[in-house]
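Working notes, structure below.
In the numbering used here, the protein residues as written are 65 to 255.
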């Protein structure tokens, strides 16, 4: 459970640690504001929000279902700086086991709103779909800019980090994988 008082105390210590006066007018409310911000940014840690993907009954669809370009943001657990970008999620149902499209977006939001690394987030999304829907295959691709690369480290803004998680038929069948990549336009020269 998120403890706003501890966050406020920590922010005051950081302000003091960088040589600022935590009580000056411009900073006096900053610890409270950051505590409120963190409650929102990390709401994915609240176990009561986790719910399984809902199943749509009575369908026999067995073609690719894809969401392309779903915006997301998360907080890198290494430097507590944001990373943000787009998620592309596809699965091929088996035996009519499908979920609502908005459920996929909510699942992305739930996992992204935790201290995170992009590689884990990508795998968590794919694994959750496999566990819940047992589809023929799943592929998740995340493209994100990391402020830890843009603001520190190599200091190269605008460089996307691309990760993928490939399960089932997407791993075994290059044509299926290529179909998804062409749908999200990650395979062409004009990308």
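Heads up, the beta-carbon is just placed ideally off N, CA and C, and yes, glycines get one too.
For residue i, does the three-state DSSP call read helix, strand or coil?
i	result
residue 93	coil
residue 221	coil
residue 186	helix
residue 201	strand
residue 206	strand
residue 229	strand
residue 191	helix
residue 235	helix
Out of the options, point me to the one whose CA is closest to residue i's CA.
i	options	result
residue 148	172, 156, 125 and 159	172
residue 221	229, 228, 208 and 233	208
residue 186	200, 144, 230 and 164	230
residue 73	167, 236 and 93	93
residue 234	217, 219 and 200	200
residue 65	217, 178, 135 and 203	178
residue 127	244, 249 and 217	244
residue 101	203, 226, 138 and 249	138
residue 105	202, 249 and 174	174
residue 123	158, 227 and 85	158
residue 248	99, 110 and 151	151
residue 153	130, 166, 211 and 182	130
residue 268	78, 224 and 193	Residue coverage of the chain in this structure runs from 65 to 255, which leaves residue 268 outside it and unanswerable.
In terms of residue numbering, what span does the alpha helix (DSSP H) encompassing residue i cover?
i	result
residue 80	68-81
residue 241	238-248
At a cut-off of 7 Å, is residue i close to the ligand MN when judged by its beta-carbon and the heavy atoms of the ligand?
i	result
residue 76	The model depicted lacks the ligand MN and carries no ligand whatsoever.
Which parts of the region 112-183 are runs of the beta strand (DSSP E), unbroken and 3 residues or longer, counting only runs that do not cross its ends? Complete beta strand (DSSP E) runs here, min 3: 129-140 and 146-156.
Are at least three pairs of beta-carbons, each pair with one atom in the region 156-166 and one in the region 136-148, less than 8 Å apart? The region 156-166 is not in contact with the region 136-148.
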